[in-house]
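Here the structure is laid out as structure tokens; the discussion comes afterwards.
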């Protein structure tokens, strides 16, 4: 009879045998447990402009560990519990480390979303009662979810959303949906638009093209990656502009093979902006089918990087320190990326991931090939299927979720439902770098900026500063679920004028992004970076 190992034994084996690292031997980074339980597993996360994080899981799991306010109950004939008076969404206050229950009125399982220019979270799709819903959450102290019952034309489950230059969202794909639509709609967009590429990349048995990776480009087109292929797509003209090569190993990277992807930081200031995309991890062909038979093959150990603005772009493969599936790839304020969460065997799906990867990895975007990966200290909490991670304004990474079960399961399973929240502080927050850390003194948060505006950023740093080691970045907070952060983009602002403003005081003049193609209107976090050490960010609204 098979006796599953305990969580402690999994953790110890992984730390001692798989990574070969102890806390003191790893490169850096620190973990802190914030909450042992927030009542729900955080399957979806979004940071809002008031430093609150909206989280939710799904409404048909059963009863959560957090009650709704008296008198509030969800009634759903498709759920396990027909009348459910527990919460399946919360608002987490970063500053006070507290949370309050929210009430979603339809099933948000495997849904998608983006933040509109006014700072509201617009969230779409889901399962059963939620498949055509649009939900809106406004950042205010007492706000709760508002829902539009038939806000979508098609059922959207495992779709991807992206904010467009005009402030609308495009909603792409989903299970058995080889098309896209817009929200909000106007007379010209009150219809579905076909996207054959999604059908071409669909495996009828496994799919492997769900939650496609989508990035808005400076030329106004969309980079869309599904399965193991990518295109440049003109969504307004409904045409493929360019087809990119297949990833060399041919392995799938989208759900349920679930790798992760980012568009690397855009360096502004020049007339021509180079664009690179990085796709990391996933599971090899056949892994999902084999995992469902109890055979858990090793996850992919490669990242694939491509400069899509080259005349003849090609993917370049790199080897990660560990194989990883269901990992989250996040952009950091200093232009590097962080790979966190996930497993080293199996795939995404109910109870078919194995061997948690506990060490985050920093990917140094500007280092030479072969020298880009840096291991960080491990957590002790496995973050498997349905885990999440987002960057906070202070530079920490908020980590939650993990529930590879079709209900809440806390005992008798290999990886119990996880209700905790952790904060991971990357190595740039280690104490030895405190003297290098800038502090922004102006403008005041939240600051209003216009596209193309020249503005000044004041900051202090202990000691003398070489202007060549200072940059200003702006980051778009992302909607994170299923190992992909929708709408994630980091911009390195152009400029150059640098002034010394007295003892430890400095001022740098930079230019805001020039158009909505580069930075759609909305709320961003602005950072000053000194010798790769970022300040705490401030909120800015680009209009």
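In the numbering used here, the protein residues as written are 141 to 683. The C-beta atom is built at its ideal place from N, Cα and C for all residues, glycine as well.
Look up residue i in the DSSP assignment and say whether it is helix, strand or coil.
i: residue 432; result: coil
i: residue 575; result: helix
i: residue 548; result: coil
i: residue 162; result: Low confidence applies to residue 162: its pLDDT is 34, below 50, so where it sits in the model is not reliable, and the reading given next is rough at best. Coil, per DSSP.
i: residue 568; result: helix
i: residue 270; result: helix
i: residue 385; result: coil
i: residue 477; result: strand
i: residue 222; result: coil
i: residue 294; result: coil
i: residue 300; result: strand
i: residue 423; result: coil
i: residue 608; result: helix
i: residue 468; result: strand
i: residue 181; result: coil
i: residue 497; result: coil
i: residue 487; result: coil
i: residue 439; result: coil
i: residue 529; result: strand
i: residue 175; result: strand
i: residue 459; result: strand
i: residue 238; result: strand
i: residue 540; result: strand
i: residue 151; result: Caution applies to residue 151, whose pLDDT of 38 falls short of 50 and renders its modelled position unreliable; the value that the coordinates give is listed next. Residue 151 falls in the helix class under three-state DSSP.
i: residue 186; result: strand
i: residue 452; result: coil
i: residue 400; result: strand
i: residue 672; result: coil
i: residue 558; result: coil
i: residue 207; result: strand
i: residue 212; result: coil
i: residue 195; result: strand
i: residue 408; result: coil
i: residue 514; result: strand
Measure the beta-carbon distance from residue i to residue j and round it to whole angstroms, keeping in mind my assumption that it falls under 8 Å.
i: residue 184; j: residue 621; result: 4 Å
i: residue 241; j: residue 208; result: 5 Å
i: residue 675; j: residue 663; result: Going by Cβ atoms, the distance from residue 675 to residue 663 rounds to 18 Å, so no, they are not a contact pair.
i: residue 425; j: residue 392; result: 7 Å
i: residue 544; j: residue 490; result: 6 Å
i: residue 302; j: residue 362; result: 7 Å
i: residue 401; j: residue 573; result: Residue 401 to residue 573, Cβ: 29 Å. No contact.
i: residue 332; j: residue 405; result: 34 Å between Cβ atoms; not a contact.
i: residue 485; j: residue 438; result: 6 Å
i: residue 680; j: residue 587; result: 5 Å
i: residue 417; j: residue 322; result: Incorrect: roughly 24 Å between the Cβ atoms, too far for contact.
Take residue i as the anchor and find which of the options has the nearest alpha-carbon.
i: residue 658; options: 627, 530 and 669; result: 627
i: residue 661; options: 342, 592 and 525; result: 592
i: residue 474; options: 261, 323 and 670; result: 670
i: residue 283; options: 618, 229 and 458; result: 229
i: residue 514; options: 432, 466, 567 and 668; result: 567
i: residue 529; options: 466, 281 and 435; result: 466
i: residue 427; options: 407, 402 and 493; result: 493
i: residue 238; options: 506, 174, 356 and 382; result: 174
i: residue 580; options: 374, 373, 417 and 600; result: 600
i: residue 269; options: 291, 391 and 352; result: 291
i: residue 531; options: 594, 469, 576 and 544; result: 469
i: residue 315; options: 325, 338 and 322; result: 338
i: residue 672; options: 633, 247, 420 and 612; result: 612
i: residue 280; options: 245, 191, 364 and 347; result: 191
i: residue 527; options: 305, 590, 398 and 682; result: 398
i: residue 214; options: 244, 197 and 206; result: 244
i: residue 678; options: 505, 589, 554 and 169; result: 589
i: residue 235; options: 419, 536 and 540; result: 536
i: residue 254; options: 309, 450 and 368; result: 309
i: residue 251; options: 508, 186 and 644; result: 186
i: residue 329; options: 358, 288 and 377; result: 377
Please check if any C-beta of chain C sits within less than 8 Å of the C-beta of residue i.
i: residue 239; result: As a matter of chain content, chain C is missing from the structure shown, which is built from one protein chain.
Tell me the start and end of each unbroken beta strand (DSSP E) in the stretch 611 to 670 that is at least 3 residues and wholly inside, in chain order.
-> 619 to 621, 624 to 626, 629 to 632, 634 to 640, 645 to 651 and 662 to 670
Which residue spans inside the stretch 307 to 377 form an unbroken beta strand (DSSP E) run of at least 3?
-> 309 to 312, 319 to 323, 353 to 356, 362 to 366 and 369 to 374
Flag this pair as touching only if the stretch 557 to 565 and the stretch 513 to 531 have three or more C-beta atom pairs under 8 Å; answer yes or no.
-> yes
contact_flag[the stretch 466 to 481, the stretch 496 to 505] where n(CB pairs < 8 Å) is 3 or more = yes
Residue ranges of each beta strand (DSSP E) within the stretch 247 to 292, 3 or longer = 252 to 255, 261 to 264, 274 to 277 and 286 to 288
Counting Cβ pairs, one atom from each stretch, are 3 or more of them under 8 Å apart for the stretch 433 to 443 and the stretch 451 to 468?
-> yes
Touching by the beta-carbon criterion (3+ pairs, under 8 Å), the stretch 298 to 306 and the stretch 216 to 227 = no
Of all the beta strand (DSSP E) runs that stay within the bounds of the stretch 575 to 606, which reach a length of 3 or more residues?
-> 579 to 582, 587 to 589 and 594 to 600
Decide if the stretch 409 to 416 is in contact with the stretch 378 to 386; the criterion is three or more beta carbon pairs, one per stretch, under 8 Å apart.
-> no
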